[in-house]
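Asks: Going down the list, the sequences are from chains A and B. First residue of the first sequence? That's 1 in my numbering, and the numbers climb one at a time after it. First residue of the second sequence? That's 1001 in my numbering, and the numbers climb one at a time after it. Glycine included, every Cβ here is placed at the ideal spot set by N, Cα and C. The structure's right below; bear with me while I get my questions together.
2 protein chains.
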Amino acid sequence: MEEEMSDLAAPPATAEELRALILERYDGLSKRLKQIARFVLDQPNETALETLAVIAERTNVQPSAIIRFAKTFGFSGASQMQRLFRDGLVSGNAALNYGERVRSFAQSAATNPARNPAELLSEFVGGNVLALQTLEQPATVDQVDGAIRLIQTADTIYVAGFRRSFPVASYLAYLLQQVGRRTILVDGVAGLARQQMSAIRKGDLLIGISYQPYAGETLELVERAVEQGADILAISDSLVSPIAKPATCVLQVREAEVRGFRSLAASICLAQALAIGLAFATEEKPVEPAPKRKGRKA
Amino acid sequence: MEEEMSDLAAPPATAEELRALILERYDGLSKRLKQIARFVLDQPNETALETLAVIAERTNVQPSAIIRFAKTFGFSGASQMQRLFRDGLVSGNAALNYGERVRSFAQSAATNPARNPAELLSEFVGGNVLALQTLEQPATVDQVDGAIRLIQTADTIYVAGFRRSFPVASYLAYLLQQVGRRTILVDGVAGLARQQMSAIRKGDLLIGISYQPYAGETLELVERAVEQGADILAISDSLVSPIAKPATCVLQVREAEVRGFRSLAASICLAQALAIGLAFATEEKPVEPAPKRKGRKA
DNA sequence: AATGGAATGAAATTTCTATTGCATTACACG
DNA sequence: CGTGTAATGCAATAGAAATTTCATTCCATT
């Protein structure tokens, strides 16, 4: 390979690295290359996802010049450089690029069949960390706001989740009780789930938690609650899950799936955020829909 | 050429519009189209910038199906639909640059008692991520190995955890049942916790889960189990917690504490790792606990 | 059970985009 | 001012991705 590899040594691994490298070598670049460098620095988004022709046109250069630029900085082509910016864009997190981590993580998890506890644990931690971080997506954040308001204005709160969702339900119920909301965990003991919820009515809220494969009981309870005029807050893995459709507000949680087992860590985290968000919201501007009793907490 | 323009009337102009439209028409879609709808709703980012082939593979459909989907919603092709998400991605993301978010978060975390959902969520995610990562400490890993062996050799497994620990207990019990272990969740319904465990004996295992402030019930059960000759696996926040002292094996979990509330995400993750590590240790050959619906390709 | 129509899958086709090769131009140095 | 080298532009090419077409399957209806 006796090519003119003057600087093909180390392609930057992150957008920030590239940025720094460009700044460092900027003065030594040719005229065209400077034009491009400037654009790349100023418009990382455009650089990430516009086509070469478009970028070329914006910066008054030939498409080939962009490729030369990329190669100058150690990439094999312009596409490779674009992927750098692109990955940063997906997560909204420039520092640690997301797309690649997910990709490589899923890959390594898929290939290695035999593992020791350390690797296994590591795999779970990695998967769950990713899942947690997806909670920060703007869409989710908006829904959290709405959900808190729903809980805040509800009279009595029922929490229902069975099978895999039950731990989340019990945790959420526990937390809501802690922050002073009148909360009933519908646990279905002795097959009495329906009876536990028979008193639900308008002004109350049912928080239904369900993931694939969706437990029929939960769906049934939700439908029942809707009939009786209660609001529904759904916590689920999809906006089109059976439980989400009749819901007043939907919180979508994307859980980690490792070796066919889906986790619950993100849901647990969300439950916590809900409860404490609620506590702060209530403290800030007390919403007293029916001040019969002194529903105060310290 | 006259196309079958059944609904080519109005292609949505924004990502939100499309989202709403999909939800509205979801029920009327065909099976494949539903699969795609789901992906589009759940993974707008991927939808925005992955290639059709990739999306097709992720959602187990043909590339052509995606195009049909796009056309169903009034677009001329899939690319046009992608542009919609792509635009939203750029504009939405430009606002929140990561460095700034971190800075503003650190600031407000120190001073402001009141917070908005985004910051709150961010705080929890950050805290929990750290907590999860501490699970990877060598000390913990060693214990996991021992714990798995304990579970593996036990005859009947009892899982006990109350109050805040209950969600973890119920999750762990669920998982152990899933992987085929004879497991009893000591839930204390009707105040019958002691009775639920009266049959425990040598050869059995009690997994006790307890965090500060340690629930008296759990401790009592543990002591009882020890008397009757059973092994104890403790999951706790300290090696010197009352529950850890009489235990055969201790798994220490350092949970995130945010605003005075300790989380459970790390414990949930640990429970999952335990169960699946157990599954693999027990059956080295059958790696697939639940075979996927269709054959995988490389 | 048979038939028609919709849904789906697979592959051919088309379109578009990145990349390369080469000719031309600009520039530095003797 | 001439020559050599690097930089640039342009057009050809290779490659990939989107789209279309068509055969097959599935499903509902009779």
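With a CB to CB cut of under 8 Å and the five nearest residues on each side skipped, what residues in its chain are close to Tyr26/A?
Replies: Counting from one through the first sequence, the residue named residue 26/A turns up at place 26. Closer than 8 Å at Cβ, skipping near neighbours: Lys34, Ala37.
Asks: Given Gln1252/B, which residues of its chain have a CB within under 6 Å of its CB, disregarding the five upstream and five downstream residues?
Replies: As a first step, residue 1252/B must be located in the second sequence, where it is residue number 252. Counting only Cβ-Cβ distances below 6 Å, and skipping sequence neighbours, we find Leu1239.
Asks: Ala169/A and Ile232/A - do their beta-carbons sit closer together than 8 Å?
Replies: Within the first sequence, residue 232/A is the residue found at index 232, counting from 1. Within the first sequence, residue 169/A is the residue found at index 169, counting from 1. Going by C-beta atoms, Ile232/A is not nearer than 8 Å to Ala169/A.
Asks: Is it right to say Asn1128/B is buried, meaning 16 or more other beta carbons lie within 10 angstroms of its own, or is it exposed?
Replies: For the purposes of this step, residue 1128/B is identified with residue 128 of the second sequence, where counting begins at 1. Buried, because 16 or more other Cβ atoms sit within 10 Å of the Cβ of Asn1128/B.
Asks: Please tell me whether Leu221/A and Ala247/A are closer than 8 Å, where the distance is taken between their beta carbons.
Replies: One-based indexing of the first sequence puts residue 221/A at position 221. One-based indexing of the first sequence puts residue 247/A at position 247. Going by C-beta atoms, Leu221/A is not nearer than 8 Å to Ala247/A.
Asks: So is Thr1014/B buried or exposed if we call it buried at 16+ other beta carbons inside 10 Å?
Replies: Looking up residue 1014/B in the second sequence gives position 14. So Thr1014/B ends up on the exposed side.
Asks: Take Pro1117/B and list the residues in its own chain whose beta-carbon comes closer than 7 Å to its own, dropping the five residues that flank it on each side.
Replies: The residue labelled residue 1117/B in the question sits at position 117 within the second sequence. Excluding sequence neighbours, Pro1117/B sits near nothing in its chain.
Asks: Counting only Cβ pairs nearer than 7 Å, list the residues of chain A close to Ala1273/B.
Replies: For the purposes of this step, residue 1273/B is identified with residue 273 of the second sequence, where counting begins at 1. Near Ala1273/B (Cβ distances below 7 Å), the residues of chain A are Leu120, Leu121, Phe124.
Asks: Could you give the first and the last residue of the continuous alpha helix (DSSP H) run that contains Thr218/A?
Replies: Residue numbering aside, residue 218/A sits at position 218 when the first sequence is read from its first letter. 216-227 is the extent of the alpha helix (DSSP H) around Thr218/A.
Asks: Among Phe1124/B, Phe1162/B, Val1179/B, Arg1181/B, which has the Cα closest to the Cα of Pro1213/B?
Replies: Residue mapping note: residue 1213/B aligns to position 213 of the second sequence, counting from 1. Pro1213/B has its Cα closest to that of Phe1162/B, out of Phe1124/B, Phe1162/B, Val1179/B, Arg1181/B.
Asks: For Gly92/A, which of helix, strand or coil comes out of DSSP?
Replies: The residue you call residue 92/A lines up with position 92 of the first sequence. Confidence at Gly92/A is low in this model, with a pLDDT of 44, below 50, so the placement of that residue is unreliable and no value is reported for it.
Asks: Within its chain, find whatever has a CB closer than 8 Å to the CB of Leu176/A; leave out the 5 residues flanking it on each side and keep chain order.
Replies: In the first sequence, the residue the question calls residue 176/A occupies position 176. For Leu176/A, where only same-chain residues beyond five positions count, the Cβ hits under 8 Å are Ile151, Ile157, Val159, Thr183, Ala275, Leu278.
Asks: Assign Leu1089/B to buried or exposed, taking buried as 16 or more other Cβ atoms, counted over all protein chains shown, within 10 Å of its Cβ.
Replies: Your numbering for residue 1089/B matches position 89 in the second sequence. Counting Cβ neighbours within 10 Å, Leu1089/B comes out buried, since at least 16 surround it.
Asks: Would Leu1018/B pass as a contact of Phe1073/B if the rule is Cβ separation under 8 Å?
Replies: As a working note, residue 1018/B is residue 18 in the second sequence. As a working note, residue 1073/B is residue 73 in the second sequence. Contact: yes.
Asks: Residues of the segment 1037-1050 of chain B in Cβ contact with chain A at a cutoff of 7 Å, in chain order, please.
Replies: Here the close residues are Ala1037, Arg1038, Leu1041, Asp1042, Asn1045, Leu1049.
Asks: Using a Cβ-Cβ cut-off of 8 Å, state whether Val211/A counts as contacting chain B.
Replies: Here the question's residue 211/A lines up with position 211 in the first sequence. The identity of residue 211/A in the sequence shown is Tyr, whereas the question assumes Val. Cβ-Cβ to chain B under 8 Å: no for Tyr211/A.
Asks: Between the Cα of Gly1260/B and those of Glu1123/B, Ser1076/B, Glu1227/B, spot the shortest distance and give me the residue it belongs to.
Replies: Here residue 1260/B is taken as the residue at index 260 of the second sequence, counted from 1. The shortest Cα separation from Gly1260/B among Glu1123/B, Ser1076/B, Glu1227/B belongs to Glu1123/B.
Asks: By the criterion of Cβ-Cβ separation under 7 Å, what are the contact partners of Gly1191/B in chain A?
Replies: Position 191 of the second sequence, counting from 1, holds the residue named residue 1191/B. By Cβ distance, chain A contributes nothing, its closest Cβ being about 13 Å from Gly1191/B, past 7 Å.
Asks: Taking Ala139/A and Ala256/A to be in contact with their CB atoms under 8 Å, please state how far apart those CB atoms are, rounded to whole angstroms.
Replies: For the purposes of this step, residue 139/A is taken as the residue at position 139 of the first sequence. For the purposes of this step, residue 256/A is taken as the residue at position 256 of the first sequence. Actually they are not in contact, since the Cβ atoms of Ala139/A and Ala256/A sit about 19 Å apart, beyond 8 Å.
Asks: Taking the Cβ atom as the reference point for each residue, do Ala1042/B and Arg254/A lie within a distance shorter than 8 Å?
Replies: As a first step, residue 1042/B must be located in the second sequence, where it is residue number 42. As a first step, residue 254/A must be located in the first sequence, where it is residue number 254. Looking at the sequence shown, residue 1042/B is not Ala but Asp. Cβ atoms of Asp1042/B and Arg254/A: closer than 8 Å.
Asks: Along the alpha helix (DSSP H) that carries Asp1042/B, what are the first and last residues, could you check?
Replies: Indexing the second sequence from 1 puts residue 1042/B at position 42. Segment 1031-1042, the alpha helix (DSSP H) holding Asp1042/B.
Asks: Please list the segments of the alpha helix (DSSP H) lying wholly inside the segment 125-178 of chain A, counting only runs of 4 or more residues, in order along the chain.
Replies: Within the segment 125-178 of chain A, the complete alpha helix (DSSP H) runs of at least 4 residues are 138-153, 166-178.
Asks: Please name the residue in Gln80/A, Ala225/A, Glu46/A whose C-alpha comes closest to that of Arg201/A.
Replies: Taking the first residue of the first sequence as position 1, residue 201/A is located at position 201. Answer by Cα proximity: Ala225/A.
Asks: Please report how far the alpha carbon of Leu185/A lies from the alpha carbon of Leu1121/B, in whole angstroms.
Replies: Working through the first sequence from its first residue, we reach residue 185/A at position 185. Working through the second sequence from its first residue, we reach residue 1121/B at position 121. When rounded, the distance between both Cα atoms is 24 Å.
Asks: Could you please give the first and the last residue of the uninterrupted alpha helix (DSSP H) stretch that includes Thr72/A?
Replies: Counting from 1 along the first sequence, the entry for residue 72/A is found at position 72. From DSSP, the alpha helix (DSSP H) with Thr72/A extends over 63-72.
Asks: Could you check whether Ala234/A and Val144/A sit closer than 8 Å to each other, using their CB atoms as the reference points?
Replies: Counting from 1 along the first sequence, the entry for residue 144/A is found at position 144. Counting from 1 along the first sequence, the entry for residue 234/A is found at position 234. Not a contact, by the Cβ cut-off of 8 Å.
Asks: So, is Glu227/A buried or exposed, given that buried needs 16 or more other C-beta atoms within 10 angstroms?
Replies: Position 227 of the first sequence, counted from the first residue, corresponds to residue 227/A. Flag for Glu227/A reads exposed.
Asks: Check the Cβ of Ala56/A against every Cβ in chain B and list those closer than 8 Å, keeping chain order.
Replies: For the purposes of this step, residue 56/A is identified with residue 56 of the first sequence, where counting begins at 1. Those within 8 Å of Ala56/A in chain B number zero; the least Cβ separation is about 19 Å.
Asks: Considering only residues of the same chain and omitting the five flanking positions on each side of Phe1075/B, which have a CB-CB separation below 6 Å?
Replies: One-based indexing of the second sequence puts residue 1075/B at position 75. Closer than 6 Å at Cβ, skipping near neighbours: Pro1011, Met1081.
Asks: Ordered along the chain, which non-local residues of its own chain (more than five positions away) have a Cβ less than 7 Å from that of Leu1029/B?
Replies: For the purposes of this step, residue 1029/B is taken as the residue at position 29 of the second sequence. Counting only Cβ-Cβ distances below 7 Å, and skipping sequence neighbours, we find Ala1037.
Asks: For Ser64/A, does the count of other Cβ atoms within 10 angstroms reach 16, so buried, or fall short, so exposed?
Replies: Counted from its first residue, the first sequence places residue 64/A at position 64. Label assigned to Ser64/A: exposed.
Asks: Quick check on the DSSP output: the beta strand (DSSP E) that includes Ile1276/B runs from which residue to which?
Replies: Numbered from its first residue, the second sequence carries residue 1276/B at position 276. Here Ile1276/B belongs to no beta strand (DSSP E); instead the alpha helix (DSSP H) covers 1265-1282.
Asks: From Val179/A, Thr153/A, Gln178/A, pick the residue whose C-alpha is nearest to that of Leu206/A; which is it?
Replies: In the first sequence, the residue the question calls residue 206/A occupies position 206. Measuring from the Cα of Leu206/A, the nearest candidate turns out to be Thr153/A.
Asks: Going along chain B in order, which residues have a C-beta closer than 7 Å to the C-beta of Cys269/A?
Replies: Within the first sequence, residue 269/A is the residue found at index 269, counting from 1. Per Cβ cutoff of 7 Å: Phe1124, Val1125, Asn1128, Ser1263, Ala1265.
Asks: Rounded to a whole number of angstroms, what is the C-alpha to C-alpha distance between Asn45/A and Gly1077/B?
Replies: Position 45 of the first sequence, counted from the start, is the residue given in the question as residue 45/A. Position 77 of the second sequence, counted from the start, is the residue given in the question as residue 1077/B. For Asn45/A and Gly1077/B, the distance between alpha carbons rounds to 23 Å.
Asks: Show which residues of chain B have a CB atom less than 9 Å away from the CB atom of Ser238/A.
Replies: As a first step, residue 238/A must be located in the first sequence, where it is residue number 238. Here the neighbours are Arg1038, Leu1041, Asp1042.
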